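The sequence shown stops at residue 1108 when you use the numbering used here, and every number in between is there. Here a beta-carbon is modelled for each residue, glycine too, at the ideal position from N, C-alpha and C. Please read these numbers as outputs of a predicted model, since none were measured by experiment. Just below is one structure, and these are the notes that go with it.
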Amino acid sequence: MSSPDLEVGLRSELLQLLDLQLTALEKQVFGVLPERELEEYEHRHEQITELYAKLRKRRLAAAA
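This is the structure:
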């Protein structure tokens, strides 16, 4: 996968994870977030952090 394609892929995956996080937060606000989904929420948080770090690193390297 070329660099621009990889960046698009990372951004796409990041947006999907963020969408899932928003859905989980909505459920949590209304008190209907099952324990299993809370665990998934916490795992996705780690994935989001890693993907964002990769994307930021790629952009900094491209700017250098």
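Self-check item: Supposed contact pair Leu1077 and Ala1068 - C-beta distance, whole angstroms, cut 8 Å
Solution: By one-based count along the sequence shown, residue 1068 stands at place 24. By one-based count along the sequence shown, residue 1077 stands at place 33. Yes, Ala1068 and Leu1077 are in contact; Cβ-Cβ is about 6 Å, under 8 Å.
Practice problem: Could you say if the stretch 1074-1091 and the stretch 1045-1054 meet the contact criterion of at least three C-beta pairs nearer than 8 Å? | Solution: no
Quiz item: Under three-state DSSP, which class holds Val1073?
Solution: Stepping through the sequence shown from its first residue, residue 1073 is reached at position 29. Three-state result, Val1073: helix.
Self-check item: DSSP state of Pro1078 mapped onto helix, strand, coil
Solution: In the sequence shown, counting from the first residue as 1, residue 1078 sits at position 34. Coil at Pro1078, not helix or strand.
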